[in-house]
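Just so we're aligned, residue 2 is where the sequence shown starts under the numbering used here, counting upward by one.
Only one structure is covered here, and it is reproduced in the block below.
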Amino acid sequence: MIESLKGRSLLTWLDYQSEEIRFLLDLAKQVKAETQRGEQPQRFRGKTLALIFEKRSTRTRCSFETAFGEEGGHPVFLSTADIQLGAKESIEDTARVLGRMFSALEFRGFKQSTVETLAKYSGVPVYNGLTGSFHPTQALADIMTLEECFGPARGQKLVFVGDGRNNVARSLMVICAKLGVHFSVLSPPELFPGEDLRKTCALLAEASGSRISVSADPEEAAGASALYTDVWVSMGEEAEREERLRLLRPYQVNQALMDRTGRRDTIFLHCLPAVRGEEVMSEVLDGPSSRAWDQAENRKHTIKAIMLATLGRAPGSAPGSAPGWAGNY
Ligand code: CP
Ligand code: NVA
């Protein structure tokens with residue numbers, strides 16, 4: 002399994018087998034346990050990581066930077082306000098150059114096509130740190146958090162409440178469909194995820210045994226192991242704010258909605274940052290059911306696991322076989 006992950010990019014979970022995702026989840030748990038024991042191996046020593054950000058970030062940037070740096074790697078933060086990418090230099094040329102200097106690249110920004118192009122032309126592993134389409138590293142931390150509370154995620158029910166077309170909802174739909182987790186989007190019909198992704202996930206769900214559904218009815222929350230929400234207005238969509246608030250006000254996660262699950266052990270998840278009083282009330286985010294802070298911490302452990310496996314540094318990797326520049330012109 003390790004061998005199949007070595008040298009790979011993570012652009013969307015659609016590209017990964019369920020066994021590979023399972024492997025990464027188990028590795029993230031090992032990595033977290035090591036950290037809790039105070040161990041600090043130096044598995045990224047001699048490695049470099051470029052962190053390219055077109056959009057703001059707290060958790061994702063800090064997870065990549067600390068996970069890589071504390072194990073001896075050298076992360077370099079590159080805001081697109083400072084580098085040539087997108088202004089004076091094409092994505093292809095930037096990828097070619099960075100691929101000669103770095104062991105791996107991370108990109109956060111607007112277009113999925115940008116992260117795809119970076120992966121195609123750099124020749125080194127590229128990690129999607131969020132685009133308008135997907136936020137895959139987030140989804141791995143979300144499943145890890147679910148498993149910390151309930152054991153194996155297979156057969157659990159995760160309900161995403163809010164903007165069902167956004168990057169977080171779409172990534173959750175894919176990872177749940179791959180792993181056999183039942184997944185529902187609870188949102189107004191105008192914000193249901195697109196038909197194409199729903200069809201793709203329906204096929205994956207058939208194979209994994211998960212049930213994927215979309216609904217505007219709060220009854221969809223019934224039986225949920227976890228209710229999950231995200232901001233109503235994602236980065237780059239600020240012009241749609243008024244319309245979004247109008248559509249999503251009935252879909253706020255508050256105690257009344259938590260009660261509709263009919264379970265006392267339902268947890269609340271949020272990728273953060275949160276806007277209290279919009280998508281979630283403080284009574285829930287700061288209440289006893291919230292696992293949002295564990296979830297934030299798990300970003301670091303899961304991101305470290307992804308980098309260890311793809312850079313050939315996970316336990317069991319053949320020595321000296323870490324990927325490097327592969328000569329992609
Ligand atoms: N959840 C998440 O991606 O947070 P940041 O935007 O702070 O990175
Ligand atoms: N959907 C949000 C996620 C932030 C982590 C956004 O794209 O802004």
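By construction, the Cβ of each residue, glycine as well, lies at the ideal position given by its N, Cα and C atoms.
These numbers were taken from a predicted model, which means no experiment stands behind them.
query: Around the ligand CP, which residues pass a check of Cβ closer than 7 Å to any of its heavy atoms?
result: Arg57, Ser58, Thr59, Arg60, Thr61, Arg62, Leu131, His136, Gln139, Cys272, Leu273, Pro274, Arg300
field: Range covered by the beta strand (DSSP E) that runs through lysine 158
entry: Counted from its first residue, the sequence shown places residue 158 at position 157. Residues 158-162.
task: Consult DSSP for phenylalanine 111 and reduce its assignment to one of helix, strand or coil.
output: By one-based count along the sequence shown, residue 111 stands at place 110. In the structure shown, phenylalanine 111 sits in coil (DSSP, three-state: anything other than H, G, I, E or B).
Glutamate 40 burial status per 10 Å Cβ neighbour count (16 or more: buried): Stepping through the sequence shown from its first residue, residue 40 is reached at position 39. Answer is exposed; the Cβ neighbour count stays below 16.
- prompt: On the three-state DSSP scale, how would you describe alanine 217?
  reply: For this step, residue 217 is matched to residue 216 along the sequence shown. Coil, per DSSP.
field: Rounded straight-line distance, which links the Cα of leucine 131 to that of arginine 60
entry: Position 59 of the sequence shown, counted from the first residue, corresponds to residue 60. Position 130 of the sequence shown, counted from the first residue, corresponds to residue 131. Near 11 Å, if we compare the C-alpha coordinates of leucine 131 and arginine 60.
- request: Report yes or no: do the stretch 217-237 and the stretch 248-264 share at least 3 C-beta pairs separated by less than 8 Å?
  value: yes
message: Can you give me the C-alpha to C-alpha distance between serine 322 and glycine 313, rounded to a whole angstrom?
response: Locating residue 322 in the sequence shown gives position 321, counting from the first residue. Locating residue 313 in the sequence shown gives position 312, counting from the first residue. In this prediction, serine 322 has a pLDDT of 47, which is less than 50 and means its spatial position is unreliable; what the coordinates show is noted afterwards. So the two alpha carbons sit approximately 7 Å from each other.
query: Is the beta carbon of lysine 48 less than 8 Å from the beta carbon of glycine 74?
result: As a position in the sequence shown, residue 48 is number 47, starting the count at 1. As a position in the sequence shown, residue 74 is number 73, starting the count at 1. Cβ distance < 8 Å, so lysine 48 and glycine 74 count as in contact.
- prompt: With burial defined as no fewer than 16 other Cβ atoms inside 10 Å of the residue's Cβ, what is the status of glutamine 37: buried or exposed?
  reply: Here the question's residue 37 lines up with position 36 in the sequence shown. By the 10 Å Cβ count, glutamine 37 comes out exposed.
task: Please work out which residues of its chain come closer than 6 Å, Cβ to Cβ, to alanine 154, disregarding the five sequence neighbours upstream and downstream, and give them in chain order.
output: Mapped onto the sequence shown, residue 154 falls at position 153. Around alanine 154: Ile144, Leu147, Glu148, Leu180, Val182.
message: Can you find the residues in the same chain that come closer than 7 Å, C-beta to C-beta, to tryptophan 326, ignoring five residues on each side of it along the sequence?
response: Indexing the sequence shown from 1 puts residue 326 at position 325. Confidence at tryptophan 326 is low in this model, with a pLDDT of 43, below 50, so its placement is unreliable and no value can be given for it.
field: Boundaries of the alpha helix (DSSP H) in which leucine 11 is found, first to last residue
entry: For the purposes of this step, residue 11 is taken as the residue at position 10 of the sequence shown. That residue, leucine 11, is in no alpha helix (DSSP H); it is neither H nor E in DSSP.
query: Is lysine 301 buried or exposed, if buried means 16 or more other CB atoms sit within 10 Å of its CB?
result: Start at 1 with the first residue of the sequence shown, and residue 301 comes out as number 300. The residue in question, lysine 301, is buried, as its Cβ has 16 or more Cβ neighbours within 10 Å.
Inside the stretch 111-183 only - beta strand (DSSP E) runs reaching at least 3 residues: 127-129, 158-162
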